[in-house]
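Asker: Pasting in a structure now, in structure tokens, and then I'll have a few things to ask.
Residue numbers (the numbering used here): 10 to 282.
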């Protein structure tokens with residue numbers, strides 16, 4: 010698999026931390042030329058600097074994925090600098106942990122702007138370039154919450170279900186044009202987003218304990234993602250429980266909903282007034 014990515018150009022949004030950071034390091038170790046794009050430009054630069062210290066090729070750029078023009082400019086610049094864009098990871102994301110009754114319009118707008126429009130902006134920017142190349146792979150980060158019911162994360166789940174639908178549809182349309190598309194659906198991975206996400210009417214510590222009884226590390230997640238990308242999987246499941254829960258919900262939807270309702274009951278024991 011290492012040869013698959015050698016000398017390829019890979020752009021990763023949300024590349025300053027979490028899965029994005031791990032993907033950047035893993036790709037660079039395989040010989041890829043990595044562009045780490047993040048709203049936190051300093052964090053992205055720290056990751057790029059670490060990659061360069063061990064002999065990898067990486068550069069960092071500040072990027073707000075909600076700014077469509079900025080995303081388009083980045084894609085054009087990378088293409089101009091390197092002659093092509095081989096891989097584009099739409100990985101930036103945010104989360105709000107709240108029951109839907111407690112989710113505000115501002116929360117909805119934030120999640121839609123980053124998690125959905127951010128992916129759309131990436132696709133709009135790089136897909137035409139890849140069509141011209143007749144080559145490339147777009148990888149969108151969704152979630153287990155994009156495959157099954159996700160109580161306490163309803164608005165987040167809505168954006169991730171949208172990303173799954175967008176990605177699988179684009180994959181079908183792009184196939185004859187030489188462009189590959191995959192969607193990544195990890196379960197709970199221990200990333201900074203878990204700690205920095207917004208928690209509404211529930212103690213963060215309690216929810217974290219409920220959510221990550223068996224956390225999956227970001228480095229292992231990155232390895233699983235790159236294996237799926239190399240094999241051109243349509244839907245890349247990462248963590249151990251994701252395939253089981255997904256298949257349960259597909260085969261017996263009512264059972265999946267009952268499991269989700271039981272989780273709501275446990276979470277409500279920690280609900281704040």
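Using N, Cα and C, we set each Cβ at its ideal position, and we do this for glycine too. None of the values given here were measured: they were computed from a predicted structure.
For the stretch 147-157 and the stretch 188-208, state whether three or more C-beta atom pairs, one from each stretch, are separated by less than 8 Å.
Answerer: yes
Asker: Taking the DSSP output, what are the residues bridged to residue 194?
Answerer: 246
Asker: In whole angstroms, give me the CA-to-CA distance for residue 199 and residue 50.
Answerer: 22 Å
Asker: Given that a residue counts as buried once 16 or more other Cβ atoms are within 10 Å of its Cβ, and exposed if not, what is residue 178?
Answerer: The residue in question, residue 178, is exposed, as its Cβ has fewer than 16 Cβ neighbours within 10 Å.
Asker: Taking C-alpha atoms, which residue in 20, 205, 172, 14 lies nearest to residue 39?
Answerer: 14
Asker: Specify, as a first and last residue, the run of the alpha helix (DSSP H) that residue 130 falls within.
Answerer: 127-142
Asker: Sort 31, 252, 17, 18 by Cα distance to residue 226 and report the nearest one.
Answerer: 31
Asker: Just checking my contact of residue 72 with residue 90 at CB under 8 Å: how many whole Å lie between their CB atoms?
Answerer: That pair is no contact at about 15 Å.
Asker: Would you kindly report the start and end of the unbroken beta strand (DSSP E) that includes residue 98?
Answerer: Annotation for residue 98: the continuous beta strand (DSSP E) segment containing it runs 96-99.
Asker: If you follow the alpha helix (DSSP H) that residue 116 is part of, which residue opens it and which one closes it?
Answerer: Looking at the DSSP string, the run of the alpha helix (DSSP H) that includes residue 116 is 114-120.
Asker: In angstroms, rounded to a whole number, what distance separates the CA positions of residue 26 and residue 250?
Answerer: 23 Å
Asker: Specify the secondary structure class of residue 261 as computed by DSSP and reduced to three states.
Answerer: coil
Asker: Tell me which residue opens and which closes the alpha helix (DSSP H) that residue 151 is part of.
Answerer: Per DSSP, residue 151 belongs to no alpha helix (DSSP H) and is neither H nor E.
Asker: Straight-line CA distance for residue 84 to residue 186?
Answerer: 19 Å
Asker: So the candidates are 255, 74, 217; which of them puts its Cα closest to the Cα of residue 98?
Answerer: Among 255, 74, 217, the Cα nearest to that of residue 98 is on 74.
Asker: State the Cα-Cα distance for the pair residue 108 and residue 124, rounded to the nearest angstrom.
Answerer: 18 Å
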